[in-house]
Amino acid sequence: MLSPSTKAACWLMTFLSVFVTGEMPIQAEVEPEFLQALENHTVTQGRDVHFTCVVNHLSHYRVAWIKSDSKAILAIHTNMVALNPRLSVTYNNHNTWKLHVSNVQANDSGTYMCQVNTDPMKSQMGHLSVVIPPDIVDSVTEGSSAREGGIIRLICSAIGVPPPTVLWRRESNRPIVFRHDGGREKKVEDSHKGESLELSHVQRTDMGAYYCIASNGVPPTVSRRYHVQVHFIPQVKVTNQLVGAPLGSDVELQCYIEASPKAMNSWYREDSLVSDKLLENPKFRITEAAVNEYSLWMNLTIKSLAPGDFGTYVCASVNALGKMESQVSLHKLQFSMNGYADEPMVSGAAWQRARNLPAMRPAASHAHQYLKHLPPQLYALLLTTIRYIHTF
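Per mature numbering (1 follows the signal peptide of the UniProt record, and there is no 0), the sequence shown runs over residues -28 to -1, 1 to 364.
Put into structure tokens, the structure is as follows:
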């Protein structure tokens, strides 16, 4: 901009020139000039963006928009040249032109030029970077299975701009176990980086959900759940193989089962004429309590023991890989002291200890006279404790 004194001096020189020559001087043409740089943009795919070009003293010249990397002319002044409905140009009828790009796509990335057709041409450039949130494109089935001791491979392919990083984690932050050297050595990690996850010498404890998490700094982060199954023959274990209880009492037989794939579990009488599985009825109650994905407790409660209820009970589990059983022998307990027959139920282990102990010593017999008036259940427990103490 010219200062007031400079403007006054110019005006005075023009006046003197006109006074002396009688002609108006020819003024030099002012060249167009850009008032600000063309900006750079980083935009997420699907959003809108625009470039702003401000030109002073444009006069009879025209502004054009060009995609520099392809040399394609997009627009001249306010007239669109490119046949792209997502591109448009606006002009404020003064000195500002804007190139609008709506619903930005990956192929919109590149350098854009605002150009004035002077000789030589004047131009300025701005760059558009389009970023794309991560996406998991793996079309493989979401999960895998193997026999115990085998190998499981999970693949998770992700795309995005910039390229995403893929991280594996287990559900509930459980550790990922890598075994090698025949399974004798292992390495435990909280997470694993990379598109593939290979688990060798797999064990049943490796079962469960694994998450592939893809991120590239452009929200949102995405994940996919993969389910790992490890198959093995059922394993069955009863807590007590020998359980004793008196007539009329209730008794519970406990059985722990591990199996994969899912098994059919049942209780049945081995010594009955027909070895059908026991069904829920007023005499028998069967309950299952899951421990995890592949293990559970299956307990059998027998109510109001009758003479025909004593014998061998079998806890059985069968799946596609095989069958396993474990037995419990249920026998009758009898008390000989004072003809006490209607004894309450205590645990099988406690009854068994009482059954195997020698006859009570005089001190225990003397104590019995004071204890027999206690409630029956407390009486039975204290009686077993006294017998146990007097064995030492």
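For glycine and all other residues, C-beta sits at the position ideal for the given N, C-alpha and C.
Item: Output the distance between the C-alpha atoms of T62 and I45, rounded to the nearest integer angstrom.; Value: 16 Å
Item: Does DSSP classify R142 as helix, strand or coil?; Value: strand
Item: In terms of residue numbering, what span does the beta strand (DSSP E) encompassing R119 cover?; Value: 115 to 119
Item: Within 8 Å, do at least three Cβ pairs link the segment 272 to 287 to the segment 209 to 224?; Value: yes
Item: For the putative contact between M179 and Y266, defined by C-beta atoms under 8 Å, what is the C-beta separation to the nearest angstrom?; Value: 6 Å
Item: Would you kindly report the start and end of the unbroken beta strand (DSSP E) that includes V76?; Value: Looking at the DSSP string, V76 is not in any beta strand (DSSP E), and its letter there is neither H nor E.
Item: Can you give me the start and stop residues for the beta strand (DSSP E) that H203 sits inside?; Value: 194 to 210
Item: CB-CB under 8 Å to V223, same chain, minus the five flanking residues each way: which ones, in chain order?; Value: V215, A217, T273, I274, L277, L302, M317, G320
Item: From V76, A78, N67, pick the residue whose C-alpha is nearest to that of V88; which is it?; Value: N67
Item: If you draw a straight line from the alpha carbon of E143 to that of A47, how long is it in whole angstroms?; Value: 54 Å
Item: Is the beta carbon of Y198 closer than 7 Å to that of L139?; Value: no
Item: Judging by CA-CA distance, which residue of A292, C227, N291 is the nearest neighbour of V263?; Value: C227
Item: Taking the Cβ atom as the reference point for each residue, do V76 and V102 lie within a distance shorter than 7 Å?; Value: yes
Item: Mind checking whether C128 and C86 have CB atoms under 7 Å apart?; Value: no
Item: Are the segment 184 to 196 and the segment 90 to 109 touching by the rule of at least three beta carbon pairs closer than 8 Å?; Value: yes
Item: Identify, in the order they occur along the chain, each residue of the same chain with its Cβ nearer than 8 Å to the Cβ of L30, setting aside the five sequence neighbours on each side.; Value: P4, N67, V88
Item: Just verifying my parser: in three-state terms, what is the DSSP assignment at R257?; Value: strand
Item: Are the CB atoms of V203 and R119 nearer to each other than 7 Å?; Value: The question names Val, but residue 203 is His in the sequence shown. Cβ atoms of H203 and R119: closer than 7 Å.
Item: Quick one: residues in its chain with C-beta nearer than 8 Å to the C-beta of K165, no 5 flanking neighbours on either side, listed in chain order?; Value: T137, V138, L139, W140
Item: Taking the straight line between their C-alpha atoms, what separation do you get for D153 and A292?; Value: 29 Å
Item: Quick one: grab the DSSP three-state call for T68.; Value: strand
Item: For the beta strand (DSSP E) that contains T90, what are its first and last residues?; Value: Run containing T90: none; DSSP gives neither H nor E here.
Item: What residue from R34, M296, R176 has the CA that sits closest to residue 366's CA?; Value: One cannot answer for residue 366 here, as it falls past the ends of the chain, which runs -28 to 364.
Item: Looking at D41 and G82, is the spacing between their C-beta atoms short of 7 Å?; Value: yes
Item: Tell me whether F150 sits in a helix, a strand or coil according to DSSP, three-state version.; Value: strand
Item: Using only the alpha-carbon positions, how far apart do F282 and I205 sit?; Value: 30 Å
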